[in-house]
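Peer 1:
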Amino acid sequence: MKRALVFSALLLAPSAPAQALREVARGVYLFKDTCNVYAIVRDKRAVLIDFGSGGILKELPALGVEKVAWVLQTHFHRDHTQEDALLRAQGIRLAVPESERKYFEAVENLWDEKRVFKLYDMRNEFLALARNVPVDRGLAPGTRFEEEGLRLEVLGTPGHTEGALSFLFDTGRERVLFCGDLAASAGKIPTLHDLEWPYVGARGIEAEMNSLKTVIRHAPDLLLPGHGAPSAKPAEWVPALLVRLATLYRINDWPRTAEPRPRTGPFQISKHLWQIRPPEINGVAYILVSDSGRALLWDINEIETRYLEEMARRAGFRGIDAVAVSHYHEDHVGGIGFVKERYGAKLWAMSHMVDVIQNPAAYNLPCLWHEGFKVDRVLADREKIVWEGIPLQFFYLPGQTEYSEGMLAEVDGSRLLFTGDNVAKPLPGTPLVGHFVCRNFLKLDGGHVVAARRLLELRPDFVCPNHFGFTRATPEVLESYRASSEEFVAAVRAIVDQPDPQLGVDNNWASIYPYQADARPGDALHYKLKVRNWLGARSRVKAVLRVPEQWTVTPATLDLDVNARGEAEAPFSVEIPSTENARGRRRVLLGDLWRDGEHLGEVTEALVNFAP
Ligand SMILES: [Zn+2]
Ligand SMILES: [Zn+2]
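Residue numbers (this note's numbering): 24 to 635.
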């Protein structure tokens with residue numbers, strides 16, 4: 024009785040203009056919410072594909088719908104599921120991909136265990152719900168969903184997520200495919216970053232390509248995507264999309280054309296230049312050694328610190344003056360604490376890298392080290408330092424990550440450009456290609472294209488990557504880096520269905536800072552919502568902040584006006600009740616966002632960690 028009342032109350036709520044629901048196929052209606060929500064309507068009953076913020080419920084009575092029987096989720100991301108907790112109380116059953124049930128029923132465990140530091144698993148689990156939601160049915164690929172006199176074929180279409188499903192349905196007039204975020208408007212995908220599964224390689228892109236081939240095989244008349252516009256005869260545009268994805272695949276699959284370096288232990292490259300190449304990992308640390316017995320490090324990880332004493336004996340240095348770092352990744356900075364303490368070394372880094380090195384917990388980025396290190400000397404772009412008679416120059420050198428720098432050194436008669444992890448050493452005859460990892464903070468207008476231009480400007484004798492051997496920087500090699508970088512960016516621009524393609528690359532365009540906070544019951548936490556506006560026009564972002572039950576957030580709503588291509592931030596505070604019983608657990612804060620009036624959903628979050 025109570026259930027029915029709640030449901031009727033929602034159905035009777037004042038309804039928006041009738042065009043809120045648009046018939047896109049016979050008996051199939053589209054409601055634009057945080058995602059496209061579709062209703063298949065038969066005899067006053069409806070089955071929904073995805074649910075978004077649930078806004079469709081108050082529109083359906085206008086079509087004479089008296090009962091929503093099921094919601095079928097294409098995948099677990101919050102923009103499709105954020106109000107699923109409403110369903111059970113209203114007698115609406117929930118069906119989700121069988122392999123993604125854990126993101127619904129047991130998602131609180133996922134959050135407790137979710138790795139953030141040293142993260143090399145790029146799958147976008149961060150868009151999972153904050154709280155558990157009961158599931159009525161798991162749907163497996165290759166099965167059918169037959170309820171309410173309807174029959175939907177369940178297709179496994181991994182790509183956007185590993186367990187993503189599409190649903191094929193014959194309306195009696197046309198065959199439609201509800202494809203979730205496998206694709207967006209004709210010829211496009213909603214995001215690139217979701218196709219990154221492992222840190223190295225292109226398994227997600229490969230899955231996406233195979234799933235698009237599945238679409239061609241089933242040749243639906245109409246594709247009904249989770250974002251963007253429905254499109255007729257997708258089989259006609261999928262091949263062109265596949266060609267562009269193949270470009271991204273080829274460039275992302277760089278290990279195929281990289282020449283691995285032997286792991287030989289301490290290794291002398293030239294009179295004043297050494298490298299640690301530990302047998303147990305693909306080492307990174309380069310060491311400049313002066314005639315006076317001083318050393319300067321370019322990167323140092325934790326494992327490499329075990330070799331420093333042996334290195335000092337063999338290379339003949341007695342002290343380490345400084346460590347300069349190429350970027351913030353754990354395998355490049357994890358030994359800094361040791362060399363600061365043991366050798367009194369100073370940490371040098373460029374200004375744009377300082378905060379992520381000092382406060383890694385504030386970020387949700389791959390490969391973070393868990394401790395921050397104080398930067399002792401902040402370098403400017405193109406800053407020159409003569410260290411022990413060796414001329415050094417530091418450069419903003421984005422690419423693999425925005426938080427990256429390069430160092431040009433004139434050592435033993437060669438001009439060496441140390442490039443961090445921007446590139447590997449290519450096999451002879453293959454181009455120099457960048458490492459493109461969206462989640463590292465990759466800029467399309469910038470990134471590798473800017474780095475390649477800088478390399479062409481600097482004309483070093485050698486490009487010196489951290490994990491690989493030196494590459495002779497011939498004009499052809501440098502030109503191949505520029506060309507492959509531009510090719511990658513052009514392919515991304517052509518296929519991302521966003522107001523600006525960068526929004527499909529930058530998963531942190533809106534973020535809550537700090538991302539992780541350690542807290543105790545009774546604490547007050549202070550945050551900023553940060554927004555990067557990639558659009559060429561001013562943008563207005565509204566956020567409704569959602570915190571766990573009994574917690575308070577002030578203010579609960581934020582409005583940011585962000586300049587074209589600019590950034591903005593707004594503060595808020597969260598109070599944790601002293602009665603909070605979350606020992607050893609994590610709680611999730613959510614930002615429900617609207618950009619220029621469009622409801623995007625709970626697309627940003629932050630984690631609060633409670634000690635056991
Ligand atoms: Zn998604
Ligand atoms: Zn989506």
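Even glycine gets a Cβ: it sits at the ideal position worked out from N, Cα and C.
Note that this is a predicted model, so its numbers are computed, not measured.
Taking the alpha carbon of P262 as the reference point, which residue from L218, G251, P253 and A209 has its own alpha carbon closest?
Peer 2: The residue with the shortest Cα to Cα distance from P262 is A209.
Peer 1: Compute the Euclidean distance between the alpha carbons of F149 and R337, then round it to the nearest angstrom.
Peer 2: Approximately 46 Å between the Cα atoms of the pair.
Peer 1: Is the beta carbon of N489 closer than 9 Å to that of S349?
Peer 2: Closer than 9 Å, so yes.
Peer 1: Considering just the uninterrupted stretch of the beta strand (DSSP E) at P577, what are its terminal residues?
Peer 2: Residue identity check: residue 577 is Thr in the sequence provided, not Pro. That run of the beta strand (DSSP E) goes T575 to T577.
Peer 1: Tell me H352's beta-bridge partners as DSSP assigns them.
Peer 2: According to DSSP, which records beta bridges pairwise, H352 is partnered with L391.
Peer 1: Apart from the five residues just before and just after R563, which ones in its own chain have a Cβ nearer than 6 Å to its Cβ?
Peer 2: Excluding sequence neighbours, R563 sits near D584 and D619.
Peer 1: So G476 is in the alpha helix (DSSP H); what residue range does that whole segment cover?
Peer 2: Per the sequence shown, the amino acid found at residue 476 is Arg instead of Gly. Here the alpha helix (DSSP H) through R476 covers G470 to L481.
Peer 1: Rounded to whole angstroms, what is the Cα-Cα separation between K25 and E592?
Peer 2: Residue placement at K25 is flagged as unreliable, the pLDDT there being 38, under the threshold of 50; a coordinate-derived value is accordingly withheld.
Peer 1: Could you say if the region 356-375 and the region 507-515 meet the contact criterion of at least three C-beta pairs nearer than 8 Å?
Peer 2: Not touching, per the Cβ criterion.
Peer 1: Would you tell me roughly how many angstroms separate the C-alpha atoms of D344 and W371, rounded to the nearest one?
Peer 2: C-alpha separation (whole angstroms): 10 Å.
Peer 1: In the DSSP assignment, find the alpha helix (DSSP H) that holds Q381 and state where it starts and stops.
Peer 2: From DSSP, the alpha helix (DSSP H) with Q381 extends over V377 to Q381.
Peer 1: Enumerate, from N- to C-terminal direction, the unbroken beta strand (DSSP E) stretches of 3 or more residues contained entirely within the region 486-569.
Peer 2: Within the region 486-569, the complete beta strand (DSSP E) runs of at least 3 residues are 533-536, 539-542, 547-555 and 562-569.
Peer 1: Pick helix, strand or coil for S254, following the three-state DSSP scheme.
Peer 2: Note: S254 maps to strand in three-state DSSP.
Peer 1: With DSSP as the reference, label C202 as helix, strand or coil.
Peer 2: Looking at C202 - three-state DSSP - the assignment turns out to be strand.
Peer 1: Using a Cβ-based criterion (distance less than 8 Å to any ligand heavy atom), does D107 qualify as near ligand 2?
Peer 2: Flag unset: Cβ of D107 not near ligand 2.
Peer 1: Return the Cβ separation of E128 and N155 in integer angstroms, given the expectation that the two are a contact with Cβ distance under 8 Å.
Peer 2: Contact holds; Cβ gap of about 6 Å.
Peer 1: Could you tell me whether the Cβ atoms of G457 and G470 are closer together than 9 Å?
Peer 2: Yes, they are a contact pair.
Peer 1: Looking only at C-alpha atoms, which of E333, L613 and E325 sits nearest to E353?
Peer 2: Here the closest residue by C-alpha is E325.
Peer 1: Mapping the DSSP letters down to three states, classify K55 as helix, strand or coil.
Peer 2: In the structure shown, K55 sits in a strand (DSSP, three-state: E or B).
Peer 1: Verify whether the separation of the beta carbon atoms of Y538 and N445 is less than 9 Å.
Peer 2: No, the pair does not count as a contact, with Cβ atoms beyond the cut-off.
Peer 1: For P644, which residues from the same chain have a beta carbon less than 6 Å from its beta carbon, with the 5 sequence-adjacent residues on both sides left out?
Peer 2: Residue 644 lies beyond the residue range present for the chain, which begins at 24 and ends at 635; the question has no answer from this structure.
Peer 1: How about H458: is its Cβ closer than 8 Å to a heavy atom in ligand 1?
Peer 2: No, ligand 1 has no heavy atom inside 8 Å of this Cβ.
Peer 1: Rounded to whole angstroms, what is the Cα-Cα separation between P449 and Y504?
Peer 2: Whole-angstrom Cα-Cα distance: 10 Å.
Peer 1: Between the region 415-431 and the region 161-173, are three or more C-beta pairs nearer than 8 Å?
Peer 2: Too few Cβ pairs lie closer than 8 Å, so no.
Peer 1: Pop quiz: V94 and I115 are said to be a contact at Cβ under 8 Å. What is the actual Cβ separation, rounded to whole angstroms?
Peer 2: Indeed, because the Cβ distance is near 6 Å, the residues count as touching under 8 Å.
Peer 1: Please classify V519 as buried or exposed, where buried requires at least 16 neighbouring CB atoms within 10 angstroms.
Peer 2: Buried is the call here.
Peer 1: Mind checking whether the beta-carbon of G203 lies closer than 8 Å to any heavy atom of ligand 2?
Peer 2: Yes - ligand 2 has a heavy atom lying nearer than 8 Å to the Cβ of G203.
Peer 1: Just checking N59 against ligand 1 - is the residue's beta carbon closer than 8 Å to any of the ligand's heavy atoms?
Peer 2: N59 Cβ: outside cutoff for every heavy atom of ligand 1.
Peer 1: Is V576 near E598, with beta carbons less than 9 Å apart?
Peer 2: Yes, the Cβ-Cβ distance between V576 and E598 is below 9 Å.
Peer 1: Hey, G12 and E628: beta-carbon distance below 9 Å or not?
Peer 2: Residue 12 is absent from the structure shown; the chain starts at 24 and stops at 635.
Peer 1: How would you write the range of the beta strand (DSSP E) that K407 sits in, first residue to last?
Peer 2: K407 to W410 is the span of the beta strand (DSSP E), which, as asked, contains K407.
Peer 1: On the criterion of 16 or more Cβ atoms from any shown chain inside 10 Å, does H250 qualify as buried, or is it exposed?
Peer 2: So H250 ends up on the buried side.
Peer 1: If you reduce the DSSP assignment to three classes, tell me which class A385 lands in.
Peer 2: Here A385 sits in helix by DSSP.
Peer 1: Please classify L623 as buried or exposed, where buried requires at least 16 neighbouring CB atoms within 10 angstroms.
Peer 2: Buried, by the Cβ-count rule.
Peer 1: Following the continuous alpha helix (DSSP H) through Y419, name the residue where it begins and the one where it ends.
Peer 2: Run containing Y419: none in the alpha helix (DSSP H); it sits in the beta strand (DSSP E), I413 to Y419.
Peer 1: According to DSSP, is R94 helix, strand or coil?
Peer 2: Per the sequence presented here, residue 94 reads as Val, with Arg not at that position. V94: strand per DSSP, three-state reduction.
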